[in-house]
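**Q** Going by our numbering, the first residue of the sequence shown is number 166, and it counts up by one from there. Just so you know, even glycine gets a beta-carbon here, dropped at the ideal spot from N, CA and C. Just so we're clear, the structure is a prediction, and the values are computed from it rather than from any experiment. Dropping a structure here in structure tokens format, bear with me for questions.
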Amino acid sequence: MEFPQQRAAFVTGVGAPAGIGRRVARRLLQDGYDLAVGDIMFENVDAFVKEISAEFPEKKIIGLHLDVADEESVAAAFAKIKAELPQLVALVNPAGVASPTPMGEATIEEYERVFRVNCRGTFLLMRGAFELMKEHKLGRIVNFSSITAYDGGGTFSKGLYAGAKAGIVGLTRGGAREFGHYGVTCNVLAPGPIDTEIMGGKLTPDRKASMSSNIPLDRVGQPEEIAAVCSFLCSPDSSFVNGVVMNVDGGKHMH
Ligand SMILES: NC(=O)c1ccc[n+]([C@@H]2O[C@H](COP(=O)([O-])OP(=O)(O)OC[C@H]3O[C@@H](n4cnc5c(N)ncnc54)[C@H](O)[C@@H]3O)[C@@H](O)[C@H]2O)c1
């Protein structure tokens, strides 16, 4: 299927100023996409839309006040995208929450919080995007797991996060198998440590150095390096890549 000249992407998780979502959004604008961006930090979404609209005046950009785990909020987002943007080709879904609580101490509320955003959110977004993409028999869905999913937990996030991120792998593979027949690919990134605020500002220079010791490239990753992989997965070049879990971790976890 030809990529349309006028095409749109939907990027979640753009609220955090130093997060992956914003880098992905900018990268997809550079790649020629019009854009819908959303996050639960509503004021930050509005501020970000102002910024990127000034940087990319030729692009159509809409901001969405979005809770990825709320069915109505997600439905409203896709209704707006359908009405206001040309053909939706790509969904990139970095919205997520971490959990530093060890499983033995976790409450059911903490379990619900972590799985609600990561798994329920991923499902709702995939379902909504597929509804629009299948009409055109073209789509690229990119979700976010973590290498923590294989390791049962990491430095800052424990078992609940690992479980939810493993769930996202299964959801993505399910989408790859079911949506593939409609020309919609589904892939999932498993980043290693990336220099953002998700660890609650705990990624100090000392901490970065100690976390780098088991990474063959001797450093943590940058959000731009995640955005570059998303760019490929949202491009025509990835047309036969489907159901892949792509580690982007400097070689920390090899399998
Ligand atoms: N940074 C890392 O080291 C790392 C490593 C592995 C995986 N990841 C994954 O990559 C993704 C992006 O990570 P990041 O470091 O940019 O995180 P971040 O914390 O900087 O950004 C996450 C964004 O998701 C938004 N969000 C949270 N709950 C939401 C909801 N219910 N609805 C809408 N938006 C919501 C937050 O407001 C925030 O803007 C996450 O899924 C994370 O689990 C990150």
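What residue from Leu354, Asn379, Lys225 has the CA that sits closest to Glu249's CA?
**A** Against the sequence shown, residue 249 aligns to sequence position 84. Nearest C-alpha to Glu249: Lys225.
**Q** Tell me whether Met206, by its Cβ, gets closer than 6 Å to a heavy atom of ligand 1.
**A** The sequence position of residue 206 within the sequence shown is 41, counting from 1. At least one heavy atom of ligand 1 is nearer than 6 Å to the Cβ of Met206, so yes.
**Q** So Leu438 is in the beta strand (DSSP E); what residue range does that whole segment cover?
**A** The displayed coordinates of the chain run from 166 to 420. Any statement about residue 438 would go beyond what the structure contains.
**Q** What residues match up with Ala174 in a beta bridge as DSSP calls it?
**A** Translated into positions along the sequence shown, residue 174 becomes position 9. In the DSSP output, where bridge partners are listed per residue, Ala174 has Leu200, Ala255.
**Q** Is there at least one non-hydrogen atom of ligand 1 closer than 6 Å to the beta-carbon of Thr337?
**A** Position 172 of the sequence shown holds residue 337. No, Cβ of Thr337 sits at least 6 Å from all heavy atoms of ligand 1.
**Q** So, helix, strand or coil for Arg188, using DSSP?
**A** The sequence position of residue 188 within the sequence shown is 23, counting from 1. In this structure, Arg188 counts as helix in the three-state DSSP scheme.
**Q** Whose CA, out of Phe168, Arg372, Gln171, Gly178, lies closest to the CA of Ala392?
**A** In the sequence shown, residue 392 corresponds to position 227, counting from 1. Ala392 has its Cα closest to that of Gly178, out of Phe168, Arg372, Gln171, Gly178.
**Q** Would the beta-carbon of Val257 be found less than 6 Å away from any heavy atom of ligand 1?
**A** In the sequence shown, residue 257 corresponds to position 92, counting from 1. The answer is no for Val257.
**Q** What is the rounded straight-line gap between the Cα of Met376 and the Cα of Val307?
**A** For the purposes of this step, residue 376 is taken as the residue at position 211 of the sequence shown. For the purposes of this step, residue 307 is taken as the residue at position 142 of the sequence shown. Those two C-alpha atoms are separated by around 26 Å.
**Q** Just to confirm, is the Cβ distance from Val413 to Leu336 under 7 Å?
**A** The residue labelled residue 413 in the question sits at position 248 within the sequence shown. The residue labelled residue 336 in the question sits at position 171 within the sequence shown. No, they are not a contact pair.
**Q** At what residues does the beta strand (DSSP E) containing Cys351 begin and finish?
**A** Within the sequence shown, residue 351 is the residue found at index 186, counting from 1. Looking at the DSSP string, the run of the beta strand (DSSP E) that includes Cys351 is 349-356.
**Q** Locate the alpha helix (DSSP H) running through Gly304, then write down its first and last residues.
**A** By 1-based counting over the sequence shown, the position of residue 304 is 139. Counting along the chain, Gly304 falls outside any alpha helix (DSSP H), though it belongs to the beta strand (DSSP E) covering 304-309.
**Q** Alpha carbon to alpha carbon, how far is Val262 from Lys323? Give it in angstroms, no decimals.
**A** What you label residue 323 is simply residue 158 of the sequence shown in a count that begins at 1. What you label residue 262 is simply residue 97 of the sequence shown in a count that begins at 1. The straight-line gap from Cα to Cα measures roughly 12 Å.
**Q** So, is the C-beta of Asp402 closer than 7 Å to a C-beta in chain D?
**A** The structure shown contains no chain D; it is built from a single protein chain.
**Q** With a cut-off of 8 Å, do at least 3 Cβ pairs link the stretch 310-329 to the stretch 341-352?
**A** With the cut-off at 8 Å, the stretch 310-329 and the stretch 341-352 do not touch.
**Q** Do the stretch 288-304 and the stretch 265-278 meet, that is, are 3 or more Cβ pairs less than 8 Å apart?
**A** Verdict: no, contact absent.
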